[in-house]
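Number of protein chains: 2
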Amino acid sequence: MGGVRISELARRADVPVGTVKYYLREGLLPAGTLTSATQAQYDEDHLRRLELIRVLTNVGGLSIASMRDVLAAIDHQPRSRHDLLGTAHTAIGPHPTVSPAALDRATQLLRRWNWPDAEPAPALAQLAAALEGIEAAGITLPDAVLDRYAELMHQVAEVDVGMVPIELPADAIRFVVTGTVLFEPLLLALRKLGHWQASARRFGPDVEDDAE
Amino acid sequence: MGGVRISELARRADVPVGTVKYYLREGLLPAGTLTSATQAQYDEDHLRRLELIRVLTNVGGLSIASMRDVLAAIDHQPRSRHDLLGTAHTAIGPHPTVSPAALDRATQLLRRWNWPDAEPAPALAQLAAALEGIEAAGITLPDAVLDRYAELMHQVAEVDVGMVPIELPADAIRFVVTGTVLFEPLLLALRKLGHWQASARRFGPDVEDDAE
Numbered sequence: 001m002g003g004v005r006i007s008e009l010a011r012r013a014d015v016p017v018g019t020v021k022y023y024l025r026e027g028l029l030p031a032g033t034l035t036s037a038t039q040a041q042y043d044e045d046h047l048r049r050l051e052l053i054r055v056l057t058n059v060g061g062l063s064i065a066s067m068r069d070v071l072a073a074i075d076h077q078p079r080s081r082h083d084l085l086g087t088a089h090t091a092i093g094p095h096p097t098v099s100p101a102a103l104d105r106a107t108q109l110l111r112r113w114n115w116p117d118a119e120p121a122p123a124l125a126q127l128a129a130a131l132e133g134i135e136a137a138g139i140t141l142p143d144a145v146l147d148r149y150a151e152l153m154h155q156v157a158e159v160d161v162g163m164v165p166i167e168l169p170a171d172a173i174r175f176v177v178t179g180t181v182l183f184e185p186l187l188l189a190l191r192k193l194g195h196w197q198a199s200a201r202r203f204g205p206d207v208e209d210d211a212e
Numbered sequence: 213m214g215g216v217r218i219s220e221l222a223r224r225a226d227v228p229v230g231t232v233k234y235y236l237r238e239g240l241l242p243a244g245t246l247t248s249a250t251q252a253q254y255d256e257d258h259l260r261r262l263e264l265i266r267v268l269t270n271v272g273g274l275s276i277a278s279m280r281d282v283l284a285a286i287d288h289q290p291r292s293r294h295d296l297l298g299t300a301h302t303a304i305g306p307h308p309t310v311s312p313a314a315l316d317r318a319t320q321l322l323r324r325w326n327w328p329d330a331e332p333a334p335a336l337a338q339l340a341a342a343l344e345g346i347e348a349a350g351i352t353l354p355d356a357v358l359d360r361y362a363e364l365m366h367q368v369a370e371v372d373v374g375m376v377p378i379e380l381p382a383d384a385i386r387f388v389v390t391g392t393v394l395f396e397p398l399l400l401a402l403r404k405l406g407h408w409q410a411s412a413r414r415f416g417p418d419v420e421d422d423a424e
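Taken in sequence, the protein lines are chains A and B. Each step along the first sequence adds one to the number in my numbering, with nothing skipped, and position 120 is 120. Take any residue in the second sequence, note its place counting from 1, add 212, and you have its number in my numbering.
This is how it looks when you write it as structure tokens:
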């Protein structure tokens, strides 16, 4: 794609022109090349960036503030692919505030699972907050259930990490950030669909009166 | 707990009085029993409902509109425990708009996995939207990876469903709705922590220069 005007850029990315201008003002999209006092041109890099923003907003449901962090993580390559995860997780959030006791409990769990390489924040805080919330709802989670969830999600993570392209660092970064965000709705949808299968097996599909 | 005033109710649930009044105005919390023209009393049911709202808001991140649907699902018991899932999933959302082609692709996948009992909406729409988003981000998901995700999330769902209390229908409904929402952050946190393990195994924890 050669240099195009903002209207054409917007059309190709399927984003309203007003929204493109908003992203430019917010600095999410770099400025175009000025061709006159009032006109700028945009290139292939702008289009790719705009498409990425669209996907992260629509599917990932990211706010403008989170988007800024995620794009910064993509723009500033960390020192190693392992560091990349920390940058991506920090950018993506959430960053819940949790009590020291809850954090301590989460740390104990990691130790039990022999997960020594886990970065303390923010995924650990997210785990602590989730456990607190479940407890606050009056639900008791047996250790065996927690262990099983950890085992299964670790296997999911193995599949995720196995897909990261290792040839081009820029692609790896983009993949980790978008993959972490975009695969979440996929996995949650699969879990819900799995509930139907599991529920049919446990309760039967045709039981109409057992909740009376 | 005997009848208490709104200030005491708010204190016990750890929710600001202004927020309790807001929930009353919005109809999320049923009105108290009037003891004079300007005073009402609240009981144990109000407290439990208020605690549930607090957890669903803070941990589940539900909007007031979603909360209304979720509470309605809890209040109106469906005909069977299997129906319960449809009610809960519909209440919880999301309800993305997807193309017929995307829906068709998602349906084909369910057929491939031999998941005949899956309710078409909204979990199917969520799956279709997630796949569309991943594709739009330029990520190609091999069939083998999708199959593996489905297998693992099905196993997660089996654990979920196995925990549903079957003695009291009211408890079962509450569990399915809160569990679907509250376990999501838990599972996603475990996946992120699992990334650290998987990443250390694939790339090593000490590689500093491989992203240069």
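We put the CB at the ideal spot given by N, CA and C, even for glycine.
Apart from the 5 residues on each side of it in sequence, residue 222 of chain B sits with its Cβ closer than 7 Å to the Cβ of 228, 229, 232 in its chain, given in chain order. The continuous alpha helix (DSSP H) containing residue 317 of chain B extends over residues 312-324. Along the stretch 246-274 of chain B, the positions whose C-beta sits under 9 Å from a C-beta of chain A are 260, 263, 264, 266, 267, 268, 270, 271, 272, 273, read in chain order. Just so you know, the alpha carbons of residue 397 of chain B and residue 55 of chain A end up roughly 21 Å apart. By the C-beta density criterion, residue 238 of chain B is exposed, having fewer than 16 other C-beta atoms within 10 angstroms.
With contacts defined by Cβ atoms closer than 8 Å, residue 153 of chain A and residue 403 of chain B form a contacting pair.
DSSP places residue 41 of chain A within a strand segment (E or B) once states are collapsed to three. Using a Cβ-Cβ cut-off of 9 Å, residue 98 of chain A is close to nothing in chain B; its nearest Cβ partner there is about 11 Å away. When C-alpha distances from residue 258 of chain B are compared across B:306, B:281, B:216, B:284, the shortest belongs to B:216. Annotated as distal: residue 315 of chain B and residue 335 of chain B, with beta-carbon spacing of 8 Å or more. When DSSP states are grouped into helix, strand and coil, residue 368 of chain B belongs to the helix group. According to DSSP, residue pairing for residue 4 of chain A in a beta bridge involves A:42. In the displayed model, residue 245 of chain B falls within a strand according to three-state DSSP.
Taking the Cα positions, residue 43 of chain A is about 50 Å away from residue 108 of chain A. For a Cβ distance threshold of 8 Å, nothing in chain B lies close to residue 23 of chain A: the least Cβ distance comes to about 17 Å. Distances from the CA of residue 188 of chain A to each of B:405, B:393, B:406 were compared; the closest alpha carbon is that of B:393. Nearest neighbour of residue 306 of chain B by Cα position, chosen from B:313, B:278, B:283, B:265, turns out to be B:278. Rounded to the nearest whole angstrom, the CA to CA distance from residue 76 of chain A to residue 91 of chain A is 12 Å.
Between residue 53 of chain A and residue 28 of chain A, the CB-CB gap stays under 8 Å.
The alpha-carbon of residue 280 of chain B is positioned some 20 Å away from that of residue 136 of chain A. The alpha-carbon separation between residue 214 of chain B and residue 249 of chain B amounts to approximately 20 Å.
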